[in-house]
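Here the protein sequences come in this chain order: Y, R, C, G and A. At the far end of the first sequence sits residue 276, using this note's numbering, and the numbering has no gaps. At the far end of the second sequence sits residue 1412, using this note's numbering, and the numbering has no gaps. At the far end of the third sequence sits residue 2276, using this note's numbering, and the numbering has no gaps. At the far end of the fourth sequence sits residue 3340, using this note's numbering, and the numbering has no gaps. At the far end of the fifth sequence sits residue 4340, using this note's numbering, and the numbering has no gaps. Glycine is no exception: its CB is placed at the ideal position from the N, C-alpha and C atoms. Predicted model only: the values in this text are computed from it and were never measured. Below is one structure, written out as structure tokens, with a few remarks after it.
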Amino acid sequence: MARAVTTQRKAINTALAWAIGLLIFFPILWTILTSFKTEATAIADPPVFFFFDWTLENYGVVMERSNYGKFLWNSIAIAGGSTLLGVIIAVPAAWSMAFVPGRRTKDILLWMLSTKMLPAVGVLYPIYLLFIKLGILDSKIGLIIVLMLINLPIIVWMLYTYFREIPGEILEAARMDGAGLKEEIIHVLTPMALPGIASTVLLNLILAWNEAFWTLNLTAAEAAPLTAFIASYSSPEGLFFAKLSAASTMAIAPILILGWFSQKQLVRGLTFGAVK
Amino acid sequence: ETLTIATVNNGDMIRMQGLTDDFTEKTGHDVEWVTLEENVLRQRVTTDITTKGGAFDVMTIGMYETPIWGANGWLVPLDDLSEEYDVDDILPAMAGGLSHDGTLYAAPFYGESSMIMYRTDLMEEAGLEMPEGSPTWSFIREAAAAMTDRDADINGICLRGKAGWGEGGALITAMSNSFGARWFDENWQPQFDTDAWNETLTFFTEMMNESGPAGYATNGFNENLSLFQQGKCGMWIDATVAASFVTNPDDSTVADSVGFALAPHKEGIDKNGNWLWAWALGIPAGTQKEEAAKAFVEWATSKDYIELVAENEGWANVPPGARTSLYENENYKDVPFAQMTLDSILSADPNNPTVDPVPYVGVQFAAIPEFAGIATDVSQEFSAVYAGQQSVEEALEKAQALTTDAMEAAGY
Amino acid sequence: MMAPAVVLLLGWMLVPLTMTLYFSFKKYLPLRGGDLGWVGFENYVRFVTSSAFWPSIQTTLVLVGGVLIITTVLGILLALLLDQPMWGQGPVRILVIAPFFVMPTVSALVWKNFFMDANYGLFSYLWEFFGAEPIQWLSQASMPSLVLIVSWQWLPFATLILLTAIQSLDSEQLEAAEMDGAPALKRFWFIILPHLSRAISVVILIQTIFLLGIFAEIFVTTGGAFGTKTLTYLIYQRVLESQNIGLGSAGGVYAIILANIVAIFLMRIVGKNLDN
Amino acid sequence: MGRIVLEKVVKRFGEAEVIPPLDLTIEDGEFTVFVGPSGCGKSTLLRLIAGLEDTTDGRIVIDGKDATGLPPAKRGLAMVFQSYALYPHMSVRKNIAFPMKMAGMDQAEQDRRIAKAAGALNLTDYLDRKPGQLSGGQRQRVAIGRAIVREPSAFLFDEPLSNLDAALRVGMRMEISELHKKLATTMVYVTHDQVEAMTMADKIVVLRAGHVEQVGSPLELYRTPRNTFVASFIGSPKMNLIEGPEAAKHDAHTIGIRPEHIDVSSESGLWSGVVGVAEHLGSDTFFHIHETGLAETITVRADGEVSLTHGDKIYLTPRPDVIHRFSADGLRMKDELAVA
Amino acid sequence: MGRIVLEKVVKRFGEAEVIPPLDLTIEDGEFTVFVGPSGCGKSTLLRLIAGLEDTTDGRIVIDGKDATGLPPAKRGLAMVFQSYALYPHMSVRKNIAFPMKMAGMDQAEQDRRIAKAAGALNLTDYLDRKPGQLSGGQRQRVAIGRAIVREPSAFLFDEPLSNLDAALRVGMRMEISELHKKLATTMVYVTHDQVEAMTMADKIVVLRAGHVEQVGSPLELYRTPRNTFVASFIGSPKMNLIEGPEAAKHDAHTIGIRPEHIDVSSESGLWSGVVGVAEHLGSDTFFHIHETGLAETITVRADGEVSLTHGDKIYLTPRPDVIHRFSADGLRMKDELAVA
Ligand SMILES: Nc1ncnc2c1ncn2[C@@H]1O[C@H](COP(=O)(O)OP(=O)(O)OP(=O)(O)O)[C@@H](O)[C@H]1O
Ligand SMILES: Nc1ncnc2c1ncn2[C@@H]1O[C@H](COP(=O)(O)OP(=O)(O)OP(=O)(O)O)[C@@H](O)[C@H]1O
Ligand SMILES: [Mg+2]
Ligand SMILES: [Mg+2]
């Protein structure tokens, strides 16, 4: 609303929003704090917040125990690869749905989404057998394909909604100006939908990064990403809160940082067509 | 060659990862580790072995899997190990549990039983004394009640209540043996409708409610370990390997006041409530790197490896429970819990675990493929009792029904 | 243009689906030698008649429904708050969306160990601090705990979509309502809420898809005990713990049926909302 | 019932003073139009009256009562927005009923008023449609209907026709005028289209940068614009403004002659020039004439029959009695002659 | 270079025949305007010419070559869209360069043409801005610039001014007319605004439901509309159409008199009525007159000085020489008298 808001009201909003924001963020904050504590401080009663002896020891232990770099690289490659591949396949599909819609377009779109409802555990066996046949067990490419397929419906849907907001006249103008289909997509459609594509990419990076079932079950040593890394920390013996925190922080930090830096894109683009 | 090895994330295995350079040096083979939490590991290797996926060259498996897999021919038989490896040095109970038809299918990395760990100081304060040999359950209950001081945050006894056949399920099954109960009769009929089971579960629940920690229904090994290390438990009946953790002054606040005793039994029953378990290394049949894998298994479960650990980390931290020679070693005799560990292991008999005869092998499990699934369900029903969500009778009734159903499904 | 995406997804759906169907009519026990022959509908009958089946359906619905209700209601309130003028809107938004970046495994571990642990959890400190008897979260309040964890993860997503939707509301409409004599609460009820209906249905659709497949959170926290066994988890137990592929596959088929019932129901709503 | 008085009303947005102290009286029953270029503060002024913006300073008195602090709904005014601001999820009937529902009016009375408004606005057949299924003009009428049923003491319109196409705009303009005749309620109407202002207003308020430049009836403004701003703003096509020697002849810094006050001939006249674009409307012809030596372009209106085209030489003669004179600061100078 | 001939062109969307077989010739260099009510097929026809829609049947010949199957880019035409359809992510320079880039033109030539077009369109200062930073009129010019650089044999415009506000529209209208004078290239221009059609066109094509109702110069259509549809579509305000006894007096089913062809008096005249709305524009006054017994409303135009208002009695006298007669099927009847 254009109406000026009193400073008092603004102050109340600010206080309330920050309180809630911090409350929501608290579990993450606590995890990060704990990762810098000793095991004893981590379970101290009463809990300590900021005033303790900060230590990097836990990170040292984790780094020594596992090859974090390799897990990280696998996560990046798998999340990035599947997203990229997904976008490449989804762009033409979304283009045709948005600009050459048929009577069945919406059905196809919803059908695509419904494929996401296949319970993963139910099909683990078939997929595992298939992967063995194809010789892509424990390979990045195998995971890239699976995660791409899992997220493809979401990518198509998101791109579809962004493309639909692009006026058809612009594409026609490009056609009049002599652009072929390829030029149309490269020079006009893609740059115009860039904010939307950016947010699609982001969302799918997050989803792929956090996917924990397939990445765990289809990998061994070669292609295991951070989800597998964290699986080796989920219940070690003895006191482990601080180490667990360090491992957790290391597993989520890259995507958290990426997310924070690009939250504007994400916020702007995350509509799923919920907004016309 | 590079070996891919699936392993569990416990302390001994992590330690081994740190020492692999020694293996590489000796053999020229590299090693890639896939370290997973126990449940994830089990599901992961099982999927791979049943589908012949070949993702791993060596797998860390337990006493439960080994005989089943060996029977299916999925594991490379370990019948041609080298002279110096000295197969016969492996404790017979361990070798027995890791064999099928007399052939060894996995080499034990370490073995464990369960025993009582208790706080000598608290016991003294309570004016009690731990008897020699196996105490009775009623003594334990009494002692627990005496040690409990809720204001000081001390619980008389900490036991696993967490759902999962390898967690609370293991404890209650081992305990039921000492109450004269069994899972199946000789015709594979589930036995949860017997008084023995009722008594076991009732006793456990009552004792834990009296003297156990809050929320014990979700406590497993790790939770109890922390509690004990924090000085919040008077007694803890759990894996013998825990002994080295609770006596390690770096982690444990009560390191110098821990005593050990054999697991308890019920009056008039000559089975103790202790279990038998080993983490062992097996080689999936069909691996391309059988030779290298064997070399690794030999290395990791050898006497030399024990020496290596002792050199680097001290005798208290060597993998226990696998080899007779360890217990004959002079250096190891100084370790306070060594003898009790050995005694506990020796007092468990996987082939004859219960008072009444049973058709299965395994102390705290039955080595049949269906057991893991059934026992998980059953232990969940039990945990619901611990959490106060159902009665003992309800739980047993459900356990009986679901076990019957599952056994039927499996074609018994 | 749609073809690659459609074919891929069709393959992704049909290949496992056919294999699942195939297995579901077999007695297939890998640990007993694998394929033990056709058994007709036996697996189906056994799966439904098992005592765990109906409770698992109920648990699934409670989990999905609970999370949906919490995330949409709180999401709307939070979106309304974040839409207000305040200082530091960007940082607050970062705090609020952060949980979305956290891997399910990690968030389950964090909640389980740092908050809901009966002995060391912050909640029990908090309860004790106020002189109350600590709650055994994961056993005595297992479903609420699970719903809480999952809601925490999905609240950011709902909030973001609803926020963009709120921001797209024509401010003149609100002013018109104000002129028409509608006080704030009625403006919310009669103007804002109907405007959000589309966004809400999108949130419900997308979240349902993901919530039906919730796995890691249960695996890490309760392992299916204390009445937290959803249909997905039950299938997991049948397939991986009991190693009964035939039975698990039959369960998978039921899950697909359930998913489709939910999907049809949802698509009706969303499909209608997507139209206008 | 609908006299609105603004007393030294000031509105600042942060540092920017959008409305400097401004006094204005809108009489009961009057149709008042605010005109002015984009950004001059028309909407802001209207919203101040509506209560949708808070005044920074000054008083707003409605029907003798101080309404400065009152919330919008309490001022007894109704507003029709530029975007119509219909509630898209409600049927036309519900849209119209909304303010009555909010006021808790009983159902029978609501129905009666809806029927009456729908009848008056030709909406009876559309009552059950959603706004999305209506044409622009129909939507506009629904917005008006929603305003009417409240029987407000005044209507406020913010550029209600700017989203409509030319033909519809003419029609709706008439409808609103007729509505005003019928209801005789005060109406305040914002537009930047001077034709709308001229044809609809009883009184026009010309604004520039928040200042009132002139207030008067359309013909007053047309005939005696107080300054060059009003002179060129009111009237279409624009008044020709001429500076230099020709103005000096009239003892003025600038003189203004409206296109319709210049006679055209292809043979002789006071001034001469070359036809640039000739717009033949049938009824009239507008010539845009270059190379007159007076101003860049002089626009004249001739009747439909004149058939000069691009590039033709043309002669112009202004009617002496309707020449407007302005001083160097742009203000109107006392008339030499009586205005016809 | 830009003669466009449509031969029996048909366009169907599914079942709906939007364009029934239609023949039309657009001469080289001509400024042709398509007018007609909304939905009559103007845009479709233009898009058929552009190649953005495929013809269902018939032939389109451009410059003597059959272009029916050619893709849009190959027809040598340029189009300016209603929404301008600028590429929002490209600077003005890049927008204008885009068609040349697509054609693979060398950089030097591109720069030359951009400079020339920008100079002609007053865009030189804005070349590095993005479209989002331009005003409506400037955007319009960029769209034209993008069309110009291709040196097309004809320009196609689809309601290019409908998104602009009234004042700008008048300005842009003139700019496009002047551009046409300068380039002398064929232009086909779609609008539903008859004022635009009248002021810009060399030739107007009036369409109704895909049919060509009349083709001719603006003044031809104004003076001799072929039927009542064209008669009421062309001219503003609309021609008054009168049926019944008064028409019978002229041996016609319907007679039409334009508002500007009726003389007004407050004392006496042929017909009488009561003033409804009086629109005082200053230069003119439009009276909407009721209760004449002829038609619901008669609109007349009087000059600015007449000061009758709402409710006054008024007398009307049509000029006999400009009465249009139509038969029962709406067609124009042979003139009784010469048309002035
Ligand atoms: N909420 C606001 N905050 C800051 N400045 C504002 C705000 N609303 C309006 N303004 C400024 O006040 C001035 C007047 O705006 P207003 O909307 O009243 O103009 P207007 O005459 O209605 O213009 P238009 O014809 O374009 O609608 C403008 O300079 C505008 O930028
Ligand atoms: N792609 C299409 N599919 C089906 N019908 C269409 C399509 N495009 C246009 N039409 C129909 O063809 C008719 C003519 O449309 P067109 O857009 O040419 O009208 P127009 O004269 O340009 O109208 P306006 O003045 O509103 O732009 C309309 O009835 C329209 O509904
Ligand atoms: Mg405005
Ligand atoms: Mg059109």
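Practice prompt. Jot down the residue ranges of each uninterrupted alpha helix (DSSP H) in the segment 4231-4269 of chain A, minimum 4 residues, whole runs only, in chain order.
Written response: The segment 4231-4269 of chain A contains, as complete alpha helix (DSSP H) runs of 4+ residues, the segments 4245-4248 (chain order).
Item to complete: Consult DSSP for residue 3280 of chain G and reduce its assignment to one of helix, strand or coil.
Response: strand
Worksheet item: Which partner residues of residue 1114 of chain R appear in the DSSP bridge assignment?
Response: Residue 1114 of chain R has R:1239 as its beta-bridge partners, per DSSP.
Worksheet item: Taking 7 Å as the cut-off, is the CB of residue 4040 of chain A close to at least one heavy atom of ligand 1?
Response: no
Discussion item. Strictly below 7 Å CB to CB, what residues from chain A border residue 3112 of chain G?
Written reply: Ordered by position in chain A, no residue passes the 7 Å Cβ test against residue 3112 of chain G, which lies about 27 Å from the chain.
Item to complete: Check residue 204 of chain Y in the structure and name its three-state DSSP category.
Response: helix
Discussion item. For the pair the segment 2180-2196 of chain C and the segment 2122-2137 of chain C, tell me if three or more CB-CB distances fall below 8 Å.
Written reply: no
Discussion item. Under 8 Å, with one C-beta from each stretch per pair, do the segment 196-215 of chain Y and the segment 258-269 of chain Y reach the 3-pair mark?
Written reply: yes
Fill in: Secondary structure of residue 3113 of chain G, DSSP reduced to three states
helix
Worksheet entry | Continuous beta strand (DSSP E) stretch holding residue 187 of chain Y: start and end | Element bounds for residue 187 of chain Y: n/a, residue is neither H nor E.
Practice prompt. Counting only the same chain and skipping the five closest in sequence on each side, list residues whose C-beta sits under 6 Å from that of residue 3330 of chain G.
Written response: Only 3227, 3228 meet the Cβ criterion.
Item to complete: Can you tell me which of A:4162, A:4166, A:4091 puts its alpha carbon nearest to the alpha carbon of residue 4133 of chain A?
Response: Nearest option by C-alpha distance: A:4091.
Practice prompt. Assign residue 103 of chain Y to one of two classes, buried (16 or more other C-beta atoms within 10 Å of its C-beta) or exposed (fewer than that).
Written response: exposed
Worksheet item: Just the Cα atoms here: how many angstroms apart are residue 1173 of chain R and residue 1364 of chain R?
Response: Going from the Cα of residue 1173 of chain R to the Cα of residue 1364 of chain R covers about 5 Å.
Worksheet item: Is the shortest distance between the beta-carbon of residue 68 of chain Y and the beta-carbons of chain R less than 8 Å?
Response: no
Worksheet item: Leaving out the 5 sequence neighbours to the left and right, which residues in its chain are closer than 6 Å to residue 1390 of chain R when beta-carbon positions are compared?
Response: When the five nearest sequence neighbours on each side are left out, the beta carbons in the same chain lying within less than 6 Å of the beta carbon of residue 1390 of chain R are those of 1384, in order along the chain.
Worksheet item: Hey, which unbroken runs of the alpha helix (DSSP H) at 4 residues or more fall wholly within the segment 3159-3225 of chain G?
Response: 3166-3183, 3194-3200, 3218-3223
Worksheet item: Under a CB-based cut-off of 8 Å, is residue 1323 of chain R close to chain Y?
Response: no
Worksheet item: If contact means a Cβ-Cβ distance below 7 Å, which residues of the segment 2088-2107 of chain C contact chain R?
Response: none
Practice prompt. Just the chain A side, please: which residues come within less than 9 Å of residue 3165 of chain G by C-beta, in chain order?
Written response: 4038, 4162, 4192, 4193
Worksheet entry | alpha helix (DSSP H) runs contained entirely in the segment 1177-1231 of chain R, provided each spans 4 or more residues | 1195-1211, 1221-1229
Worksheet entry | Beta-carbon separation (whole angstroms), residue 3207 of chain G vs residue 3034 of chain G, contact threshold 8 Å | Right, their Cβ atoms sit about 6 Å apart.
Worksheet item: residue 2 of chain Y to residue 3053 of chain G, Cα distance in whole Å?
Response: Caution is warranted here: a pLDDT of 41 is assigned to residue 2 of chain Y, below 50, making its placement in the model unreliable, and no coordinate value can be reported.
Practice prompt. Tell me residue 1279 of chain R's beta-bridge partners as DSSP assigns them.
Written response: R:1062, R:1110
Discussion item. Under 8 Å, Cβ to Cβ, is there at least one residue of chain C near residue 3052 of chain G?
Written reply: So, interface residue.
Practice prompt. Could you spell out where the beta strand (DSSP E) holding residue 2023 of chain C opens and where it closes?
Written response: Here residue 2023 of chain C belongs to no beta strand (DSSP E); instead the alpha helix (DSSP H) covers 2003-2024.
Item to complete: Alpha carbon to alpha carbon, how far is residue 62 of chain Y from residue 2158 of chain C? Give it in angstroms, no decimals.
Response: 34 Å
Practice prompt. Going by DSSP, name the residue or residues bridged to residue 3305 of chain G.
Written response: Beta-bridge analysis with DSSP links residue 3305 of chain G to no other residue.
Discussion item. For residue 157 of chain Y and residue 109 of chain Y, what's the separation of their Cα atoms in angstroms?
Written reply: 7 Å
Practice prompt. Compute every distance between the C-beta of residue 2124 of chain C and the non-hydrogen atoms of ligand 3, then say whether any falls below 7 Å.
Written response: no
Worksheet entry | Closer than 7 Å: residue 4158 of chain A CB and nearest ligand 4 heavy atom | yes
Item to complete: Quick one: measure Cβ to Cβ for residue 3323 of chain G and residue 3273 of chain G, integer angstroms, because I've assumed they're closer than 8 Å.
Response: About 18 Å separates the two Cβ atoms, so there is no contact after all.
Worksheet item: Measuring from the CB of residue 142 of chain Y, is there a heavy atom of ligand 2 at a distance below 7 Å?
Response: no
Practice prompt. Find out if the Cβ-Cβ distance for the pair residue 1296 of chain R, residue 1109 of chain R is shorter than 8 Å.
Written response: no
Discussion item. Is there a Cβ of chain C sitting closer than 8 Å to that of residue 45 of chain Y, yes or no?
Written reply: Judged by the 8 Å Cβ criterion, residue 45 of chain Y is in contact with chain C.
Worksheet entry | the segment 3211-3227 of chain G / the segment 3194-3203 of chain G touching (three or more Cβ pairs under 8 Å) | yes
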